[in-house]
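Have a look at the structure below before the remarks.
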Amino acid sequence: MIKSMIITDVDFWKPKNKYAKRLSSVTSFLIKHSHLSIILVGNKQVSTKTDSLPKSADILFLDNDILSDKEKNIASIKRLLEFDDYKICIIGHIYLSYFLQSIPEKVISILNAHEILSKKNPANSKNQYERLNFTLSKNTEYKVHELFTYVMFICKNDYENILHDNQEKILLIAHPGSLRRHVIKEDAKIIGFTGSASFTNIYSISWFLDKVWAKIPEDKSITLNIYGEICKHIPTALIKGKNVILRGDHDNMLEVYSEIDIAINPRMVDPDFSIKNIEILANGIPLITTTIASIDLEKGVESAFLIADKEIDFCDLIIKLINDYKARKVLSINAHEFINNNFDENMCFKELKEILIS
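Residues in the sequence shown are numbered from 60 upward in steps of one, following our numbering.
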């Protein structure tokens, strides 16, 4: 059987941010089409070595620091790859690119790039890379890309922006949606927002609470449930006495989506492909989001989900959906159809599968 490997420091089995969710989907795909070895780098707690990890993959823990123990990490993976017949090795993020020194020429190396990091506002990436003190110039990023056999991006804009430099090695691997069905309740009571503690999420939900939620009429008797690590970072003044419940971390997202009647993703900064929106739509939850959170999802605007870029539009759409069960039902049906037609796993991972079986 074809053998593949992923090297990462991300707790992908706990999908609390977009990087973990992305890696979880790649892992799930590789398990179906190869014998997968997962190398988890960094000092993981004993509690992470649990039943939540994939049963059908080999798991190797490198309990070394990802920065100070580079030489140890390289030597460990080099020994493993030299004495086994792996077809591909995926590096989970660009700051782990030093592992290229351990990959033999016969093994196809793939960088899971996520995005073009050098084009992002440093403030937007601060939480993700603060521990690593990680910054990257455009020139350096492109030079690192050249070292890999392939580099895969999730967003079409990033793919097209970098495509002209080396077309053959750049892959567009969109994020697939896993369809789930939930009851669309006639009486809508719960507005839901899920998020990690990223700058983008904190800024956006703060804007929503201040500019939109404060203007929703109290007679609508609705509650805003907020889920995830972001709950620890929301200013108290924005939620006091405003029918807002901070639900905290939730490992079971199916339970979260079964509670939500209307989902919001009011991203106001950092235009990007939204894995969160893919997940919401795959669960058939009526969604109100923004234009910059809808990159690569444009085909679904107005049919599978609704767009609001101004506070008054957000207010109006929330009230409309609260009052219109039929409209929510139609959005739910269309959301499933949109994901099935555009973000099916086989469709998203087609290029990666071709490389794997070639």
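Virtual Cβ for every residue (Gly too), placed ideally from N, Cα, C. Only a predicted model underlies this, so the values are computations on that prediction, with no experimental measurement involved.
Residue pairing from DSSP places Cys148 in a beta bridge opposite Met64, Ser168. Take Glu318, set aside five residues on each side of it, and the residues of its chain with a beta-carbon closer than 8 Å to its own are Ile249, Gly251, Asn284, in chain order. A direct Cα-Cα distance of roughly 45 Å separates Phe408 from Pro276.
Minimum Cα-Cα distance from Glu130 among the listed residues Lys146, Ser161, Ile153 corresponds to Ser161. For the options Lys91, Trp72, Cys374, the alpha carbon positioned closest to that of Met60 is the one of Lys91. In the three-state DSSP reduction, Ser255 falls in the coil class, being neither helix nor strand. Here the alpha carbon of Tyr78 sits roughly 10 Å from the alpha carbon of Ser84. For Thr86, the enclosing alpha helix (DSSP H) has its first and last residue at 77-92.
According to DSSP, Tyr209 shares a beta bridge with Ile169.
Annotated three-state conformation of Arg239 is coil, per DSSP. Closest option to Trp72, judged by alpha-carbon separation, among Met64, Ile125, Ile97: Ile97.
Secondary structure of Phe142 (DSSP, three-state): coil. Under the three-state reduction of DSSP output, Gly359 falls in the helix class.
Tyr384 is not a Cβ neighbour of Ile344, given a cutoff of 7 Å.
In this structure the segment 397-408 touches the segment 347-362; the number of beta carbon pairs closer than 8 Å is three or more. For Tyr316, the uninterrupted alpha helix (DSSP H) segment begins and ends at 312-318.
Just measuring C-alpha positions, the residue of Ile133, Gly307, Leu176 sitting nearest Asp331 is Leu176. The shortest C-alpha to C-alpha distance from Ile150 to any of Lys80, Asp122, Met211 is the one to Met211. Here Val69 carries a coil assignment [DSSP, helix/strand/coil]. Between Leu89 and Ser63, the CB-CB gap stays under 7 Å. The three-state secondary structure of Asn132, taken from DSSP, is helix.
Residue environment for Arg387: buried (at least 16 other C-beta atoms within 10 angstroms of its C-beta). Distance between Ile347 and His173, taken at the CA atoms: about 24 Å. Here Asn311 is exposed: its Cβ has fewer than 16 other Cβ atoms, across all protein chains shown, within 10 Å.
Between the C-alpha atoms of Asp329 and Phe142 there is a straight-line separation of about 43 Å. Judged by DSSP in its simplified three-state form, Leu231 adopts strand.
Closest option to Gly300, judged by alpha-carbon separation, among Trp272, Gln226, Lys291: Trp272.
The beta carbons of Tyr201 and Lys228 sit no closer together than 7 Å.
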